[in-house]
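Numbering follows my numbering, with no gaps: position 27 of the sequence shown is 49.
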Amino acid sequence: MTDLPLPPSFRQLGHSAIAVSPLAWGMWRLAEHGRSVADAARLVHAALEAGINFLDTADIYGFDGKGGFGSAELLLGQVLAAEPALRERIVLATKGGILPPLPYDQSADYLRKAIDDSLIRLKVDRIDLWQIHRPDILAHPQETARVLDDAVASGKVRALGISNFTQGQIAALAHFLGEKLATSQPEISPLRIASLDNGELDQAMMLGLTPMAWSPLGGGRLAAPETARDKAVTTALDVVAQSQGVSRTVAAYAWLMAHPAGIVPIVGSQQPERIAEAAQALKVRWTRQGWYAVLAAARGEPLP
Ligand code: NAP
């Protein structure tokens with residue numbers, strides 16, 4: 023049984039000069055449950071103490087809650103304002119382009135405003151990674167590229183990414199951009215394996231994009247599987263988790279990181295102890311056989 027390599031302690035973000043931890047921490051769920059600035063600060067510190075310096079948010083996070091659009095960014099901005107030394111310790115990623123009820127807008131004017139508004143809410147003068155959250159089919163990629171290149175040239179943004187784009191949409195935007203795209207952000211987990219088979223990760227390797235995996239635990243479904251197929255996936259993960267003395271969720275992060283594209287799972291938990299636990303994934307060794315057993319379970323059929 024051949025061991026697959028362990029993840030490196032830092033990864034380069036695409037072709038950029040930015041170094042990030044192999045795991046990210048995401049703030050989609052941060053503005054839920056009326057979390058205070060102190061609560062948010064505790065979570066940021068939990069991530070940093072776990073060796074996670076890569077923080078992912080979006081302007082839309084919090085939209086469904088009391089604070090509304092922008093509230094997760096605002097909360098992080100208050101954390102950064104209260105403790106300015108944190109800014110240089112984190113690689114700050116955010117996204118824009120979803121605007122309910124439109125639902126998407128990537129017009130030049132809107133993108134410029136979205137980036138400026140995020141800078142204001144986050145109380146920073148630079149965003150390390152700015153991502154288009156979902157594709158706006160009504161925007162011409164040449165127009166989008168011009169705004170994104172300008173954002174980098176002006177120093178407001180250091181690196182660019184996209185999320186939920188098709189391969190064709192990525193190729194079209196990359197064609198018009200002067201800057202290279204640094205990241206993609208598809209949904210990937212042991213329960214959501216489409217991008218392993220459909221060419222998305224192959225394209226990421228070809229273009230040198232760092233793929234960030236959203237909902238790496240299937241939004242929590244891996245912790246409480248319901249269907250027969252989901253249970254088969256967790257059984258295959260548990261074999262490795264038990265043999266290495268880690269939890270199933272830790273094994274799942276490690277399974278994603280064992281892929282040669284250098285996937286960065288975005289830890290979605292908002293509990294400090296679970297964020298701390300995620301760091302154990304850097305020590306989990308997958309064998310080819312164990313890795314493919316999870317894939318076969320996820321496909322729901324033996325591999326040919
Ligand atoms: P996830 O890790 O798949 O799911 C996290 C959820 O699972 C949390 O509600 C967590 O609850 C729960 N959970 C249950 N048991 C757990 C355990 N043992 N360990 C850890 N979590 C457990 O990730 P996600 O929150 O769905 O997404 C992660 C990040 O991806 C987001 O924060 C965001 O940055 C990004 N994202 C991006 C997009 C996009 O379109 N680009 C879409 C969705 C998400 P607790 O908080 O109670 O631990």
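Just so it is clear, CB atoms sit at the ideal spot from N, CA and C, and this is done for glycine as well.
One alpha carbon belongs to T166, the other to I82, and they sit about 19 Å apart.
Residue side-chain check: A245 places its Cβ nearer than 7 Å to a non-hydrogen atom of the ligand NAP. H37 is positioned such that its CB atom lies no closer than 8 Å to that of G284. Out of R64, P282, D61, the CA that lies nearest to the CA of M228 is found in P282.
A check of alpha carbon separations from S206 across P212, A193, A136, L213 identifies A193 as the nearest. Checking the DSSP bridge columns, you'll see W236 partnered with E209.
Counted as a single uninterrupted DSSP element, the beta strand (DSSP E) harbouring T116 occupies residues 113 to 118. When S58, A46, A103, G87 are compared, the shortest CA-CA separation from T79 is found for A46. Using a C-beta cut-off of 8 Å, the region 174 to 184 makes no contact with the region 99 to 112, since fewer than three inter-stretch Cβ pairs fall below that distance. Taking non-hydrogen atoms of the ligand NAP into account, the C-beta of V289 is found less than 7 Å away from one of them. In terms of side-chain proximity, the C-beta atom of T271 is found nearer than 7 Å to a non-hydrogen atom of the ligand NAP.
For I215, no beta strand (DSSP E) segment is defined, and its DSSP state is neither H nor E.
For the 8 Å CB-CB criterion, V316 and V272 do not form a contact.
The distance from the Cβ of I154 to that of S185 is about 7 Å, consistent with a contact at the 8 Å cut-off. In this structure, the beta-carbon distance from L65 to V113 does not fall below 8 Å. With a 10 Å radius around the Cβ and a threshold of 16 neighbouring Cβ atoms, G290 comes out buried. Partner residues in the beta bridge of I288, as assigned by DSSP, are A46. With contact defined as three or more Cβ pairs closer than 8 Å, the region 211 to 230 and the region 243 to 259 are in contact.
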